[in-house]
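In UniProt numbering, the protein residues as written are 1 to 168.
#1: Using the Cα positions of residue 158 and residue 18, report the straight-line distance between them to the nearest angstrom.
#2: Report the CB separation of residue 104 from residue 133 in whole angstroms; it is logged as a contact under 8 Å.
#3: How is residue 164 classed by DSSP in three states: helix, strand or coil?
#4: What's the call for residue 126, buried or exposed, on a 16-neighbour Cβ count within 10 Å?
#5: Indicate the three-state DSSP secondary structure (helix, strand or coil) for residue 105 in the structure shown.
#6: Any heavy atom of the ligand ZN closer than 8 Å to the CB of residue 81?
#7: Specify, as a first and last residue, the run of the beta strand (DSSP E) that residue 95 falls within.
#8: If contacts are defined as beta-carbon pairs under 8 Å, then residue 162 and residue 25 qualify, I think. What distance do you get, rounded to the angstrom?
#9: Are residue 149 and residue 113 close, meaning C-beta to C-beta below 9 Å?
#10: Can you tell me the Cβ-Cβ gap for residue 146 and residue 124, rounded? I've got them flagged as a contact below 8 Å.
#11: Once the 5 residues before and after residue 69 are set aside, which same chain residues still bring their CB inside 6 Å of it?
#12: Are there 16 or more other CB atoms within 10 angstroms of the CB of residue 9, so buried, or fewer, so exposed?
#13: For residue 144, write down the residues that DSSP places opposite it in a beta bridge.
#14: What number of angstroms, rounded off, separates the C-alpha of residue 130 from the C-alpha of residue 23?
#15: For residue 86, which residues of its own chain have a beta-carbon under 8 Å away from its beta-carbon, when the five flanking residues on both sides are left out?
#16: Grouping DSSP H, G and I as helix and E and B as strand, with all else coil, what is residue 154?
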């Protein structure tokens with residue numbers, strides 16, 4: 001028996017171990033669910049048209065994740081939550097609750113303010129406000145998600161969520 005050498009090769013995973021959809025839910029919002037080179041039946045996307053809503057005005061966000069893995073939005077750098085405020089919160093606090101975790105932002109809000117949670121970045125009208133949050137980040141569960149936005153009178157807001165489905 002001849003030994004030529006021994007080597008150790010370190011394994012470093014630099015991206016998600018899951019497969020992900022090529023396009024985001026924002027594509028569905030702008031183009032609809034087309035079974036073309038962007039979406040396919042085997043991606044969990046064979047449901048009725050009302051499953052594919054990712055923009056909400058004045059109602060609790062209820063949306064569907066067709067992937068078979070939950071999406072931790074802080075880890076998916078292209079994910080984006082946009083919340084446009086059309087009424088001033090009475091106590092200077094806005095909550096977004098994903099059913100398990102609640103994201104909180106304390107600020108002196110004005111009508112027309114836009115909050116963006118883009119991966120790990122949190123901005124209000126383009127200004128970094130991560131330090132004004134409770135540092136909790138939201139997760140999109142598999143299947144239906146029933147979120148709640150609290151603090152805006154009469155639910156006078158516009159909410160959009162954009163993310164990639166993850167598959168094991």
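Glycine included, every Cβ here is placed at the ideal spot set by N, Cα and C.
Straight from the coordinates:
#1: For the purposes of this step, residue 158 is identified with residue 158 of the chain shown, where counting begins at 1. For the purposes of this step, residue 18 is identified with residue 18 of the chain shown, where counting begins at 1. Taking the straight line from one Cα to the other gives about 31 Å.
#2: Walking along the chain shown from the start, residue 104 turns up at place 104. Walking along the chain shown from the start, residue 133 turns up at place 133. Taking the Cβ atoms as the reference, residue 104 lies roughly 6 Å from residue 133, within the contact range of under 8 Å.
#3: For the purposes of this step, residue 164 is taken as the residue at position 164 of the chain shown. Here residue 164 sits in coil by DSSP.
#4: Your numbering for residue 126 matches position 126 in the chain shown. A residue is called buried when at least 16 other Cβ atoms come within 10 angstroms of its Cβ; residue 126 does not meet this threshold and is exposed.
#5: Looking up residue 105 in the chain shown gives position 105. In this structure, residue 105 counts as strand in the three-state DSSP scheme.
#6: Ligands are entirely absent from the displayed structure, and the ligand ZN is therefore not among its contents.
#7: In the chain shown, residue 95 corresponds to position 95, counting from 1. In this chain, the beta strand (DSSP E) harbouring residue 95 covers 93 to 97.
#8: Position 162 of the chain shown, counted from the start, is the residue given in the question as residue 162. Position 25 of the chain shown, counted from the start, is the residue given in the question as residue 25. About 5 Å separates the two Cβ atoms, so the contact holds.
#9: Here residue 149 refers to the residue found at position 149 when the chain shown is read from its first residue. Here residue 113 refers to the residue found at position 113 when the chain shown is read from its first residue. Cβ distance not < 9 Å, so residue 149 and residue 113 don't count as in contact.
#10: Translated into the one-based positions of the chain shown, residue 146 becomes position 146. Translated into the one-based positions of the chain shown, residue 124 becomes position 124. Cβ atoms of residue 146 and residue 124 stay farther apart than 8 Å, at about 25 Å.
#11: Working through the chain shown from its first residue, we reach residue 69 at position 69. 18, 166 and 168, listed in sequence order.
#12: Counting from 1 along the chain shown, the entry for residue 9 is found at position 9. Residue 9 counts as exposed, since fewer than 16 other C-beta atoms from the protein chains shown sit within 10 angstroms of its C-beta.
#13: For this step, residue 144 is matched to residue 144 along the chain shown. According to DSSP, residue 144 bridges with 64.
#14: One-based indexing of the chain shown puts residue 130 at position 130. One-based indexing of the chain shown puts residue 23 at position 23. In a straight line, the C-alpha of residue 130 is about 27 Å away from that of residue 23.
#15: Start at 1 with the first residue of the chain shown, and residue 86 comes out as number 86. The residues are 111, 112, 152, 156, 157 and 158.
#16: Within the chain shown, numbered from 1, the residue matching residue 154 stands at position 154. The three-state secondary structure of residue 154, taken from DSSP, is helix.
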